[in-house]
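**Q**
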Amino acid sequence: MTRAVSTAARWRRFGLSAVSMAVLGVVFLVPFAFVVLAAVKTRQEASLLQLTWPTEWRIAQNFLEVLSARDYLLIIAFTNSVILTVSAVAISVILAALAAFVLQRRPSRWNPLINMLVLSGLIIPPAVVPTIWVLDGIGLFRTMLGLILVEVAFGVSFCILLFRAFLITVPRELDEAAVLDGAGPLRLFFRVILPLLRPVIITVVVVQSVTIYNDFVNPLYFLPGEQNATVQLTLFNFNSQYSNQYNLLFMDILLIMIPPLVMFLFFSRQIVAGMTSGAVKG
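Heads up: the sequence shown begins at 1 in full-length UniProt numbering, then just goes up one per residue.
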């Protein structure tokens, strides 16, 4: 009787797993296959927007045409996106880790106000026109530095919450031992605490890198200009009012998808570990 029940439960779990995998396959793999197949078709076939096998493979031709479009704008855009992503993520990690450490380890009467401001950064939508006015006033509008600061400001609240949740699991005895050994605040943080934050640092780096790399709106508003284009803005090259080059558009999308896809494939476990690390104290 017990064996029959366990067998039925096992088959039930297997059935649920199979259904879940099938749903995930339809939701994720089918669109990805559509993009890949459309990227290697001719312009006429791609314009039909059908999930069919190409009659003529144009992998190298479409790739070279996308790469050389508008004086190799895609290479410039990749360079801009790498500079933007690396700089904004590095600043966000340092600022968020320091802020979370102070909020978690040094409670004060200002903590409720600071916590409200951090949460407001997640709740209140960003205002484009006032932000442009501020950037223009300090001479950072249409500059890479201005866009980096915008990305940091828009994402630092999320990073602080992740770091603070992880710091709950770090024993305070480590702080006390380091202080007794003569470590100052900065040395305590960078020599003792920061190395322990590796799981959540990887999570923040991957999540924020993908978010900033895939950002379309902020570069469009705060860094206008063809030479300032990021990878997402290159999608305009092959989509206009009078002509749609869907084969080149999907080839561009495929090239843009590769870096974040690789990051998620390699760091998926670390992302989950960093997200759930602060769920249970101790």
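Glycine included, every Cβ here is placed at the ideal spot set by N, Cα and C. From a predicted model like this one, the values you see are computed outputs, not experimental measurements.
Looking at Phe-14 and Ala-96, is the spacing between their C-beta atoms short of 9 Å?
**A** No; because the gap between Cβ atoms is not below 9 Å, this pair is not in contact.
**Q** Can you list, in chain order, the residues of its chain with a C-beta nearer than 6 Å to that of Lys-281? Leave out the 5 residues immediately preceding and following it.
**A** For Lys-281, the predicted structure reports a pLDDT of 45, less than 50, and the residue's modelled location is therefore unreliable. The matter cannot be settled from this model.
**Q** By alpha-carbon positions, which one of Phe-267, Ser-268, Gln-245, Leu-265 ends up nearest to Val-66?
**A** Gln-245
**Q** When we look at the beta-carbon of Thr-85 and count the other beta-carbons within 10 Å, is it buried (16 or more) or exposed?
**A** buried
**Q** Under the three-state reduction of DSSP, which class applies to Asn-237: helix, strand or coil?
**A** helix
**Q** Evaluate the contact criterion for the segment 121–135 versus the segment 144–160: three or more CB pairs, one atom per stretch, below 8 Å.
**A** yes
**Q** Leaving out the 5 sequence neighbours to the left and right, which residues in its chain are closer than 6 Å to Ile-59 when beta-carbon positions are compared?
**A** Here the set comprises Val-40.
**Q** By a C-beta neighbour count over all protein chains shown, 10 Å radius and 16 as the cutoff for buried, is Pro-126 buried or exposed?
**A** exposed
**Q** Rounded to the nearest angstrom, what separates Trp-11 and Thr-230 at their Cα positions?
**A** 49 Å
**Q** Do Val-35 and Ile-212 have their C-beta atoms within less than 9 Å of each other?
**A** Contact annotation: Val-35 and Ile-212 have beta-carbon atoms that are not nearer than 9 Å.
**Q** Taking its Cβ as the centre, do 16 or more other Cβ atoms sit within 10 Å of Phe-166, making it buried, or is it exposed?
**A** buried
**Q** Pair every Cβ in the segment 171–187 with every Cβ in the segment 140–147, then say whether three or more of these pairs are closer than 8 Å.
**A** No, the segment 171–187 does not touch the segment 140–147.
**Q** In angstroms, rounded to a whole number, what distance separates the CA positions of Phe-264 and Ser-209?
**A** 11 Å
**Q** Taking Ser-108 and Ile-148 to be in contact with their CB atoms under 8 Å, please state how far apart those CB atoms are, rounded to whole angstroms.
**A** The beta-carbon separation of Ser-108 and Ile-148, rounded to 30 Å, does not stay under the 8 Å limit for a contact.
**Q** Using DSSP's beta-bridge definition, name the partner residues of Asn-115.
**A** Paired residues: none, contrary to the question.
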